[in-house]
Structures are given as structure tokens and as C-alpha cells.
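Enquirer: To start, I am sharing the structure in question, which I have written as C-alpha cells.
Numbering (the working numbering), first residue to last: 1132 to 1488.
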């Protein structure tokens, strides 16, 4: 495996080095009409090379004028970029006309775009043709946006204002993720973890608490409840997939360090508010007679919910078998290959004790 690019591993302000990609098409109406005219719009995904923060903008078309306007809005909010990276495909054999039009402006910029970047002092870099793996950073970002958003929207026809609200909330969800598992403080009672939002606004992102409408039929929802349902569906499906990517199911071929005190963990819940991650810490570790460890975990008071099942997800790789008891209650193995626990929570727990045998 080659080394990471220079731009990925050196300190730089957020979004000073940005990867750019486009997604779409989506359909919106501009009026609250039952048979309103549908208009095509697109989503521009800007991802920071250093912090992996994501910024989303809406385009009305794929012309050079629309891209310049999008970059002006983006830089007015996040600051001027020094470098922009995009892909550059030279041949689209077998691709449909939509895909060709999709990349025409981005990959082959006209004189207006070239003049704009030269005037602003922005270096626009293209990855080699037929090498999408070199743009994996922004390809992963556009996948995070498109995959669940398209399925959550379904056949819903939102207005432009409603769609813009959904896109901005999706941006908040992506920037609330804890990709680093780096605690903000060494205090065992501080459950805040470093997220891309901390580099942008200096604190984590929390959404407004709303009524759960994910299981309500669209026919019973008001206009402003429909975007809420879309966001709740995106959050539920995306957060589940994201947590699964934190720990891959790998064979235990090489013995590695076990869980340590202060390790930050995520408590996996089926229903949590949007942009809310239930976090906890390992507070004490004991060695067993067989050299394995006895883990005692203090959970966040927000996560203490009676009669709920808790799944503990460790950020770092730690391989061990989980089998035993939790506060004198039976504990079941939730996944043998992963350091994840599936337990029944006592009514009023202060600490959870898990025997690793």
C-alpha cells in the first residue's frame, strides 16, 4: 500500500484542500402544488482532505456558471480553497448520456472556469483517467450522501426549500460522526469525542429533538413532517452502516493489545435522536487467571434506559471472546469475531461488568 498524499497528512485549515464531486439528479418543485412541475437539481459534495469534514451545495444545472456560483457560496461559508481535486474521465464507453453530461463541465472545464481559477489563485488538480481509487476520499463522501438519501426520498416530491433543509441536515449528520475515537478530555466523566464538526464550529453538532415519524405513513404527515421522516430514515440506516464499518469481521491471526482504561466506546441503539451518539468509557480493567481481561465499563447517564439492549462498540481493534454475566445477569455473545457485547441492561445500572473468558 502506498503512502497517503502530502495533502492528507499535513496540517492545513479546514477545506483549504478540498475534493469535489457531483451527485444527482434529484427532482423538486418550487410550489406547494399537487401537480407541480418537476425540476432537476444536483448536489455538490465538498470534502476536506485534512479533517474529512463535508460541505453540501445544491446546483440547478451542470454549466460552468452554476459550478462557479456553487464554489463562491462554498468559499464564502468555509473560506477560500488553495487546492481543489476532482476526477477526470476521458472515455465513457457504455455510459449513458446523463453520465456524460454529468462530468462534461467538471472534467473538461471551459475557458470561463479556467479564467476564474487563475484569477483567484486556486490550483485545480485532476487525478489520472481511469483511476477512481485515487479519488477514494470524495467518492466515499458522495456515496455516504447518495446511497441512503435516494432510498429515503423514494417517490417523495419535495419543494426546493424542503430539499435544501434535508441536504443541510444530512451534512450535519455526516459531520457529527466520530471517525477518530479521540476523546476531547481525559476526564472519565467527559464523553465528548472529536468529530469533524469540532474543526468547523468548535463543538459537536446536535439536532433539534423531534417526534419520531419514521413509522408513520406519508399520507398522515404534514408537509414539514415529510422532510423530518426522510432525515430520520437516513440517520437510522446510515448510522447503522457506519457503526458496522468501524469494526470489520477479521480473523484473529495476530494477538493484539486488549481493551485499556479510558477507551472510548459507542453504545449502539436502534432508535436515537438524529446526530446523537451514545458514548461511554472503560473505567477499570482486571487481568483474569488465563491472561485475559475483566472489563468494567461505566456508561453515559444518557444511555441508561431500562429494559433496553445495549451493544458496546470499541473504536480500536481488540480481539477477545465475550461470555459471562452483567451485574449478576446473563450475558450473551452478540458477535464472536468482534469486540461487541449484546447484554440486557439492569434497571438502574451505574457500571456494567463483563467477564471476558
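Glycine included, every Cβ here is placed at the ideal spot set by N, Cα and C.
Distance check for residue 1374 and residue 1391, CA to CA, integer angstroms please.
Expert: If I take the Cα positions, the gap works out to 20 Å.
Enquirer: Skipping 5 residues on each side, what residues in its chain have a beta carbon closer than 8 Å to that of residue 1210?
Expert: Excluding sequence neighbours, residue 1210 sits near 1144, 1145, 1146, 1147.
Enquirer: Could you check whether the segment 1149-1161 touches the segment 1173-1192, counting it as contact only if at least three pairs of C-beta atoms, one from each stretch, sit closer than 8 Å?
Expert: Taking 8 Å as the limit for Cβ pairs, the verdict is that the segment 1173-1192 does touch the segment 1149-1161.
Enquirer: My output table needs one value for residue 1214: the three-state DSSP class, helix, strand or coil.
Expert: It is a strand residue.
Enquirer: Using the Cα positions of residue 1331 and residue 1197, report the straight-line distance between them to the nearest angstrom.
Expert: Distance between the alpha carbons of residue 1331 and residue 1197: 25 Å.
Enquirer: For the segment 1278-1285 and the segment 1361-1376, state whether three or more C-beta atom pairs, one from each stretch, are separated by less than 8 Å.
Expert: Short answer: they touch.
Enquirer: Residue 1289 and residue 1357 - do their beta-carbons sit closer together than 8 Å?
Expert: Taking 8 Å as the Cβ cut-off, residue 1357 and residue 1289 qualify as a contacting pair.
Enquirer: Return the chain-ordered list of same chain residues with a C-beta closer than 7 Å to the C-beta of residue 1352, the five sequence neighbours on each side being excluded.
Expert: Contacts found: 1344, 1360.
Enquirer: Can you say whether residue 1157 is buried or exposed, counting buried as having 16 or more other CB atoms within 10 angstroms of its CB?
Expert: Buried, by the Cβ-count rule.
Enquirer: Can you tell me which of 1320, 1405, 1182 puts its alpha carbon nearest to the alpha carbon of residue 1300?
Expert: For the residues 1320, 1405, 1182, the minimum Cα distance to residue 1300 belongs to 1405.
Enquirer: Have a look at residue 1254 and residue 1292 and give me their C-alpha separation to the nearest angstrom.
Expert: Spanning the two alpha carbons is a distance of roughly 33 Å.
Enquirer: Could you tell me which residues DSSP puts in a beta bridge with residue 1201?
Expert: Residue 1201 is not bridged to any residue.
Enquirer: Which class does residue 1158 belong to by DSSP, given the choice of helix, strand or coil?
Expert: Three-state result, residue 1158: strand.
Enquirer: For the putative contact between residue 1315 and residue 1187, defined by C-beta atoms under 8 Å, what is the C-beta separation to the nearest angstrom?
Expert: Not a contact, Cβ separation roughly 26 Å.
Enquirer: Would you give the residue range spanned by the beta strand (DSSP E) that residue 1257 belongs to?
Expert: 1254-1257 is the span of the beta strand (DSSP E), which, as asked, contains residue 1257.
Enquirer: What's the C-alpha gap between residue 1403 and residue 1296?
Expert: Each residue's Cα considered, the two are about 20 Å apart.
Enquirer: How big is the Cα-Cα spacing for residue 1167 and residue 1294?
Expert: So the alpha carbons of these two residues sit roughly 15 Å apart.
Enquirer: Could you tell me if residue 1269 is buried or exposed, where buried requires 16 or more neighbouring beta carbons within 10 angstroms of its beta carbon?
Expert: Classification for residue 1269: buried.
Enquirer: Tell me which same chain residues have a C-beta within less than 7 Å of the C-beta of residue 1206, skipping the five on either side of it?
Expert: Excluding sequence neighbours, residue 1206 sits near 1212.
Enquirer: Thinking just about the alpha-carbon of each residue, which of 1287, 1134, 1183, 1169 is nearest to the one in residue 1350?
Expert: If we check each option's Cα against that of residue 1350, 1287 comes out closest.
Enquirer: Excluding the 5 residues preceding and the 5 following residue 1329 in the sequence, name in chain order all residues of the same chain whose CB lies nearer than 8 Å to its CB.
Expert: Only 1315, 1335 meet the Cβ criterion.
Enquirer: May I ask which residues mark the beginning and end of the alpha helix (DSSP H) holding residue 1361?
Expert: That run of the alpha helix (DSSP H) goes 1356-1377.
Enquirer: Can you give the Cα-Cα distance for residue 1320 and residue 1313, rounded to whole angstroms?
Expert: Their backbone Cα atoms lie some 15 Å apart in a straight line.
Enquirer: Give me the residue from 1272, 1264, 1218 with the minimum Cα distance to residue 1183.
Expert: Looking at the Cα atoms, 1272 is the closest of the given residues.
Enquirer: Only counting the same chain, and skipping five residues up and downstream in sequence, which positions put a Cβ closer than 8 Å to that of residue 1256?
Expert: Within the same chain, residue 1256 has close Cβ partners 1214, 1215, 1216, 1217.
Enquirer: Can you tell me whether residue 1303 is helix, strand or coil according to DSSP?
Expert: Note: residue 1303 maps to helix in three-state DSSP.
Enquirer: Going by beta carbon distance, what residues of the same chain come within less than 7 Å of residue 1303, once the five residues before and after it are set aside?
Expert: Cβ within range, chain order: 1336, 1338, 1406.
Enquirer: Can you tell which of 1137, 1310, 1172 has the C-alpha that lies nearest to the C-alpha of residue 1189?
Expert: Residue 1189 has its Cα closest to that of 1172, out of 1137, 1310, 1172.
Enquirer: Taking only three categories from DSSP, how would you classify residue 1171?
Expert: Looking at residue 1171 - three-state DSSP - the assignment turns out to be strand.
Enquirer: Roughly how many angstroms lie between the CA atoms of residue 1208 and residue 1377, to the nearest whole one?
Expert: For residue 1208 and residue 1377, the distance between alpha carbons rounds to 30 Å.
Enquirer: Specify the secondary structure class of residue 1153 as computed by DSSP and reduced to three states.
Expert: Note: residue 1153 maps to strand in three-state DSSP.
Enquirer: Does chain C have any CB closer than 8 Å to the CB of residue 1288?
Expert: Within the model displayed, chain C is absent; a lone protein chain is all it includes.
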